[in-house]
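Going letter by letter, the sequence shown gives residues 159 to 576 in our numbering. Glycine is no exception: its CB is placed at the ideal position from the N, C-alpha and C atoms.
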Amino acid sequence: MKRTERKKQQYEEIDDFAKALLEKKTEMAIYKDLENEQPKVTSELERLKKEETMSSALDMLRKERGQKSIQQEELEYSLKEELEQTLDLKRTESLFKKDEDASLKTVQGILNENAKTESEEEKKPEIEEKEEKKTEETKPKKIKKEKKKKKKRNKMSKTSKIVIVLVLLGFCLMGGYAYKIYIYDPQNVASEEQLKAYDRLIAYADEFDMMSDSEKLELLDMQNDYDGLLDKQKDAINDYFKDKDHVGKTYTRLIKELKQLKSDLEDESNEGYQALKAYLEGWESYTDAQKMEVVNYKTTYSELNSVLQKKIDDLSRSYCTKSYTSLYSEYFEKLKQQNEAQIASLEGELESEKTDLQELQTYADSLQADLKYAQDNGQDTSEIQVQIQTNNDVISQTQQRINSIQSQIDSLKAQIQQ
């Protein structure tokens with residue numbers, strides 16, 4: 159029960175008592191002539207019946223005023239007390255989850271609050287005592303019993319709270335001790351850098367299936383990340399790598415395999431590697447035409463493994479100031495412009511040769527017609543046949559030139575195709 163609700167209930171009880179007292183005084187004023195009469199001696203049974211009658215009368219009076227019966231209020235009061243204790247326990251559980259210092263502060267706050275509440279409540283009995291002295295003879299016995307019961311309950315409630323607070327304090331101290339032992343132990347606490355290293359290794363495992371050989375070898379450069387992890391993090395990394403949905407083998411086993419792979423990939427006995435290396439080493443002595451040949455090594459470069467490609471790029475930077483891929487792009491652009499100009503010139507020649515061929519074929523048709531006419535008329539055809547043979551030879555030569563020009567054009571186009 160909250161403090162404000164408890165105060166409100168107490169005020170209502172005082173108000174009801176004051177009204178009952180006023181009514182009693184009024185009754186005594188009306189029947190003052192009977193004051194001097196000697197009270198009759200009543201038996202215990204009669205006394206109990208009268209008390210019951212008085213309680214019933216009070217309940218009826220409270221009912222008329224829209225209030226609950228005394229018994230019902232006592233029951234609700236007990237339930238609220240139990241609920242209050244339950245809420246205090248829940249608050250204890252939430253406090254236990256905090257660190258030791260915060261818990262101790264909270265407990266101190268609760269103790270201060272209880273002390274304040276007790277001091278306020280201790281003052282109330284003094285006021286009630288004064289009222290009781292004035293109305294002791296007229297106060298109904300049932301109300302006296304209620305007052306004693308409530309006082310007893312309040313006393314029990316305060317005692318329970320103190321016990322709960324002490325138990326809470328003990329739990330907090332035990333929790334703080336356990337927190338330091340199991341959480342703040344340096345062997346169990348990962349630093350920010352260790353967490354970042356752990357995340358990098360996890361990301362590597364997630365992308366492993368999509369990596370090239372050179373990308374896989376990057377794990378060798380992450381050895382310091384792994385070495386700096388906590389033991390429990392290393393175990394977790396090995397388990398994660400071992401999962402078939404990631405790498406399929408532990409980190410330590412993968413490292414061994416990658417070291418062997420790197421050794422195999424770095425084998426420089428490859429003929430293509432040696433040829434391209436020799437070409438780059440003589441770069442400074444080459445003419446422009448010889449430097450243009452760098453584009454012809456593109457296929458050789460592409461067939462190398464990623465490790466040897468990286469070595470070729472390093473050599474190219476050393477001799478040519480840029481990587482092979484950059485060097486290739488530069489001279490490929492130059493070759494493209496040069497070839498496009500040559501192709502344009504060759505295509506002009508090709509069109510001219512095709513025109514000549516068309517004329518020669520027309521002339522050949524004319525000679526065939528002349529030959530037929532001479533044969534039909536019995537004329538000498540030897541001269542015409544010589545002209546036909548000569549024209550056929552020219553046609554053949556023209557066709558050969560057309561084929562040659564077309565071949566050059568195709569070759570030049572092929573060179574500038576990415």
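In angstroms, rounded to a whole number, what distance separates the CA positions of residue i and residue j?
i	j	result
L466	T513	52 Å
N463	S510	48 Å
I567	Q516	21 Å
T548	T520	14 Å
Q564	E505	8 Å
E365	N454	34 Å
S427	T457	18 Å
L375	E424	12 Å
Q557	K480	46 Å
I395	K449	50 Å
D422	E373	15 Å
M218	L326	45 Å
Y531	Q555	28 Å
S569	L518	28 Å
T211	Q230	17 Å
R205	S214	14 Å
R223	L216	11 Å
Q533	N550	20 Å
K468	N497	30 Å
V347	D393	15 Å
S562	S503	14 Å
Considering residue i, what are the terminal residues of the alpha helix (DSSP H) in which it resides?
i	result
R223	It is not in any alpha helix (DSSP H) - R223 carries neither H nor E in the DSSP assignment.
M380	Run containing M380: none; DSSP gives neither H nor E here.
D403	Segment: none, D403 is in no alpha helix (DSSP H) and carries neither H nor E.
T457	K456 to S460
D472	S464 to C478
Q543	S540 to Q573
Q537	No alpha helix (DSSP H) holds Q537; DSSP gives it neither H nor E.
A355	E350 to E365
T425	Note on residue identity: the sequence assigns Asp, not Thr, to residue 425. No alpha helix (DSSP H) contains D425, which DSSP labels as neither H nor E.
S372	D371 to K374
M450	D446 to M450
Between residue i and residue j, which are expected to be in contact by the criterion C-beta below 8 Å, what is the C-beta distance as a whole number of angstroms?
i	j	result
L412	L378	That pair is no contact at about 10 Å.
Y482	I470	5 Å
L419	D371	7 Å
A572	I546	The pair is not a contact, with the Cβ atoms about 39 Å apart (cut-off 8 Å).
Y398	A433	Rounded, the Cβ-Cβ distance is 43 Å, inconsistent with contact.
L508	I560	6 Å
G430	E461	6 Å
K352	Q391	According to the sequence displayed, residue 352 carries Gln and not Lys. Yes, Q352 and Q391 are in contact; Cβ-Cβ is about 7 Å, under 8 Å.
A355	D401	No, A355 and D401 are not in contact; Cβ-Cβ is about 19 Å, not under 8 Å.
The segment 474-484 touching the segment 438-445, judged by at least three CB pairs closer than 8 Å: yes
Below 8 Å, can you find three or more Cβ-Cβ pairs linking the segment 526-546 to the segment 486-498? no
Can you find at least 3 beta carbon pairs, one from the segment 391-405 and one from the segment 441-456, that sit closer than 8 Å? no
So, does the segment 513-526 touch the segment 492-505, judging by three or more C-beta pairs under 8 Å? no
Between the segment 377-393 and the segment 348-361, are three or more C-beta pairs nearer than 8 Å? yes
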